[in-house]
Ligand code: RIB
Ligand code: CA
């Protein structure tokens, strides 16, 4: 069993990633930290708690983190996730508050108390992870791995150059990719290959409370991908990172040199991935280059369906 902390910005796909983690015996979810990204920090924090409330998991701590990127202005994604950040389902307001500590202090306390290194699974902008590494360098040894959703070898989704999580806080991403830690990047090249479709949602809707929540999330979230790409399905970006921790045969990864563009548009937030060793850059990241889409989606349906 792998102890993980999910650092996220719920966000429809973050919420599904959270449910996948909760439904999978291979991971022990120590807690959830939240960051400004898809929506403002107060909304992403409330959304994480609302999902946990829905599943009766008030045992899972939620710690709020950075209310804005390190340097850049926040740019919430209401056109994708709605004004609440979790539009679609009719979830009540959060039944509890986050823990009083800032997310990076909660991460520090949690890692310190763990007997073995912990895997960080960031599925939003990397602001909290960068701040944690800057504030607690002495705890780097307690970070086993960072398995993040973000970046792209190919085209972006926020600009032609960049994927949202990296684009939103490129300075934070640079700090993480140059940390020397064991970083794995699940980017758009794989998440766009594994679309959740109606047939998956219908099975989930019949499976129980958690599955019905995913169906309601999908009904809203899929509108964006139909409008923008003409797709008959939606990528569950963040669940790909969690799935890789559960079963690392689902994603094929290649060690590559990756650099983050921290300059102005139009290349802001680009992840330059030296896929074929053209540059001699230090191979600092395991980059996902392929995904077993069918097994990934079956895992989602099985594990979330199993939550009841
Ligand atoms: O580009 C996709 C990523 O941006 C996902 O993590 C999604 O939740 C948004 O945060
Ligand atoms: Ca996210």
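Residue numbers (our numbering): 169 to 476.
Just so you know, even glycine gets a beta-carbon here, dropped at the ideal spot from N, CA and C.
None of these values were measured; they are calculated from a predicted model.
Residue i versus residue j: straight-line alpha-carbon distance, rounded
i, j, result
"residue 342", "residue 428", "5 Å"
"residue 222", "residue 271", "22 Å"
"residue 389", "residue 404", "10 Å"
"residue 248", "residue 178", "11 Å"
"residue 276", "residue 450", "28 Å"
"residue 228", "residue 346", "31 Å"
"residue 252", "residue 209", "11 Å"
"residue 226", "residue 474", "19 Å"
"residue 444", "residue 455", "12 Å"
"residue 391", "residue 207", "18 Å"
"residue 242", "residue 174", "21 Å"
"residue 425", "residue 349", "13 Å"
"residue 273", "residue 300", "8 Å"
"residue 322", "residue 401", "20 Å"
"residue 461", "residue 373", "20 Å"
"residue 128", "residue 448", "In this structure the chain extends from 169 to 476, so residue 128 is not present and cannot be described."
"residue 264", "residue 230", "10 Å"
Backbone secondary structure at residue i - three-state DSSP
i, result
"residue 362", "coil"
"residue 416", "coil"
"residue 212", "helix"
"residue 177", "coil"
"residue 305", "helix"
"residue 517", "An answer regarding residue 517 cannot be provided, because it is not within the stretch 169 to 476 covered by the chain."
"residue 196", "strand"
"residue 451", "coil"
"residue 479", "The chain is shown from 169 up to 476; residue 479 falls before or after that span and cannot be answered."
"residue 290", "strand"
"residue 188", "helix"
"residue 374", "helix"
"residue 314", "strand"
"residue 334", "helix"
"residue 277", "helix"
7 Å CB neighbourhood of residue i in its chain, flanking five on each side removed
i, result
"residue 407", "181, 184, 185, 188 and 468"
"residue 478", "As displayed, the chain neither begins before 169 nor continues past 476, which places residue 478 out of reach and without an answer."
"residue 334", "318, 319, 341, 428, 437 and 439"
"residue 399", "363 and 393"
"residue 211", "252 and 253"
Whole-number beta carbon distance between residue j and residue i, since they are thought to touch under 8 Å
i, j, result
"residue 172", "residue 198", "7 Å"
"residue 312", "residue 378", "Going by Cβ atoms, the distance from residue 312 to residue 378 rounds to 28 Å, so no, they are not a contact pair."
"residue 418", "residue 411", "5 Å"
"residue 240", "residue 375", "About 40 Å; that fails the 8 Å criterion."
"residue 289", "residue 315", "5 Å"
"residue 452", "residue 358", "Contact doesn't hold; Cβ gap of about 19 Å is too wide."
"residue 191", "residue 472", "5 Å"
Sequence-distant residues of the same chain with beta carbon closer than 8 Å to residue i, five excluded per side
i, result
"residue 434", "327, 328 and 329"
"residue 331", "318, 319, 320, 324, 325, 355, 356, 437 and 439"
Cut-off 6 Å between Cβ atoms - residues of its own chain near residue i, not counting five sequence neighbours on either side
i, result
"residue 214", "262"
"residue 431", "none"
"residue 170", "195, 287 and 413"
"residue 420", "457 and 458"
"residue 220", "228"
"residue 422", "455 and 457"
- Message: For the structure I just gave you, are there three or more beta carbon pairs, one from the segment 362 to 372 and one from the segment 456 to 469, closer than 8 Å?
- Response: As far as the Cβ criterion goes, the segment 362 to 372 touches the segment 456 to 469, which means the pair count is three or higher.
- Message: Contact between the segment 290 to 302 and the segment 233 to 242 is defined here as three or more beta-carbon pairs at a separation below 8 Å; is this criterion met?
- Response: Between the segment 290 to 302 and the segment 233 to 242 there are three or more inter-stretch CB-CB distances shorter than 8 Å, so the stretches are counted as touching.
- Message: Quick check: the segment 190 to 205 against the segment 306 to 323, are at least 3 beta-carbon pairs closer than 8 Å?
- Response: Flag = no, the segment 306 to 323 and the segment 190 to 205 do not touch.
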